[in-house]
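Visitor: Got a structure for you, written out below as structure tokens; questions coming shortly.
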Amino acid sequence: MIDLIKNKYLSNNKEDVLKHVENVAELAVGLAETYSIDIEKTELAALLHDISGIMTPQEMYDFAIMKGFEIDPAEEKYHALLHQRVSRTIAQEEYGITDSDILNAIECHTTLRKNASVYDKVIFIADKISWDSKGIPSYDDLLKSGSVETLDKACYLYIKYQFDNNLLVMAHQWLIEAYEDLIKV
2 MIDLIKNKYL SNNKEDVLKH VENVAELAVG LAETYSIDIE KTELAALLHD ISGIMTPQEM
62 YDFAIMKGFE IDPAEEKYHA LLHQRVSRTI AQEEYGITDS DILNAIECHT TLRKNASVYD
122 KVIFIADKIS WDSKGIPSYD DLLKSGSVET LDKACYLYIK YQFDNNLLVM AHQWLIEAYE
182 DLIKV
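The working numbering numbers the first residue of the sequence shown as 2 and each following residue consecutively.
Written out as structure tokens, the structure is:
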């Protein structure tokens, strides 16, 4: 299945997205070992988390409407935010993924969500550390510092950093709920 997934990126000229998901997978597998979760499930979630990157934001929006998604106001304004949910659907429908740990981690890898599982948090934080833009992310030192002793703390600090530095053009409701859920850490 891994070769099929990689070929999907390559056949759609998304070598850059493939490189990103492979980096996320490498980091996520390391985190899976640390947190004693299934490595194969973690790797599949990481490789599929951006599979909708083969589509344009408008195509993602049209797909979401066709599938009857309830659209968050942030997704309505910024269609690219739908990619996490569209990726889940592609993983399910095109690759036959039925495991809820994998599907849920794909579905919330950008925003996280309240009551997130360890798989959700691993893919979320691996995606953030595996920066796919040029340069080093402004939060890199924060996430890699010794003060991050738990996965919950890393997720919380990343979201807090986004809010504190006004880096969100519009917060998705799931991100707000995840932050409120994690604030106790």
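The beta-carbon is built from N, C-alpha and C at its ideal position, and this holds for glycine as well. Model, not experiment: these values are computed from the prediction.
Could you tell me which uninterrupted alpha helix (DSSP H) segments, each at least 4 residues in length, are contained entirely in the stretch 9-53, listed from first to last along the chain?
Guide: Entirely contained in the stretch 9-53, the alpha helix (DSSP H) runs reaching 4 residues are, in chain order, 16-35, 40-49.
Visitor: In whole angstroms, what is the alpha-carbon distance linking K15 and H21?
Guide: For this step, residue 15 is matched to residue 14 along the sequence shown. For this step, residue 21 is matched to residue 20 along the sequence shown. Near 10 Å, if we compare the C-alpha coordinates of H21 and K15.
Visitor: L169 by DSSP, collapsed to three states: which one?
Guide: The residue given as residue 169 occupies position 168 in the sequence shown. L169 falls in the coil class under three-state DSSP.
Visitor: If you count every other CB in all the chains shown that lies within 10 Å of the CB of V170, and 16 or more means buried, which is it?
Guide: By 1-based counting over the sequence shown, the position of residue 170 is 169. Burial call: exposed.
Visitor: Could you spell out where the alpha helix (DSSP H) holding N105 opens and where it closes?
Guide: Taking the sequence shown and counting its residues from 1, one reaches residue 105 at position 104. Here the alpha helix (DSSP H) through N105 covers 101-108.
Visitor: Mapping the DSSP letters down to three states, classify L176 as helix, strand or coil.
Guide: On the sequence shown, residue 176 is found 175 positions in, with the first residue counted as 1. In the structure shown, L176 sits in a helix (DSSP, three-state: H, G or I).
Visitor: Mark F164 as exposed unless 16 or more other C-beta atoms lie within 10 angstroms of its C-beta, in which case mark it buried.
Guide: Residue mapping note: residue 164 aligns to position 163 of the sequence shown, counting from 1. With fewer than 16 Cβ atoms within 10 Å of its Cβ, F164 is classed as exposed.
Visitor: Flag this pair as yes or no: are the beta carbons of I107 and H50 separated by less than 8 Å?
Guide: Numbered from 1 along the sequence shown, position 106 holds the residue referred to as residue 107. Numbered from 1 along the sequence shown, position 49 holds the residue referred to as residue 50. For I107 and H50, yes; Cβs fall inside 8 Å.
Visitor: For D128, count the other beta carbons within 10 Å of its own beta carbon; 16 or more makes it buried, fewer makes it exposed. Which is it?
Guide: Taking the sequence shown and counting its residues from 1, the one referred to as residue 128 is at position 127. The residue in question, D128, is buried, as its Cβ has 16 or more Cβ neighbours within 10 Å.
Visitor: Return the residue from the list I55, G54, H80 that minimises the CA-CA distance to I66.
Guide: Taking the first residue of the sequence shown as position 1, residue 66 is located at position 65. The shortest C-alpha separation from I66 is found at H80.
Visitor: Leaving aside the five residues before and after G147 along the sequence, list all residues of the same chain whose C-beta is less than 7 Å from its C-beta, in chain order.
Guide: Reading the sequence shown from its first residue, position 146 is the one you call residue 147. In this prediction, G147 scores a pLDDT of 44, lower than 50, which makes its location untrustworthy; the coordinate-derived value is nonetheless stated afterwards. None.
Visitor: Buried or exposed: where does D102 fall if 16 or more other Cβ atoms within 10 Å of its Cβ makes it buried?
Guide: Here the question's residue 102 lines up with position 101 in the sequence shown. Flag for D102 reads buried.
Visitor: Considering only the alpha carbon of each residue, which of S118, V119, E77, I52 lies closest to Q93?
Guide: By one-based count along the sequence shown, residue 93 stands at place 92. Nearest C-alpha to Q93: I52.
Visitor: Tell me the rounded alpha-carbon separation between L158 and A172.
Guide: Position 157 of the sequence shown, counting from 1, holds the residue named residue 158. Position 171 of the sequence shown, counting from 1, holds the residue named residue 172. Looking at the two C-alpha atoms, the distance is approximately 16 Å.
Visitor: How would you write the range of the alpha helix (DSSP H) that H84 sits in, first residue to last?
Guide: Position 83 of the sequence shown, counted from the start, is the residue given in the question as residue 84. Counting along the chain, the alpha helix (DSSP H) containing H84 begins and ends at 84-96.
Visitor: Could you pull out every residue in the same chain whose Cβ sits closer than 7 Å to the Cβ of T90, ignoring the five residues on either side in sequence?
Guide: Taking the sequence shown and counting its residues from 1, the one referred to as residue 90 is at position 89. Closer than 7 Å at the Cβ level, and outside the excluded window around T90, lie K68.
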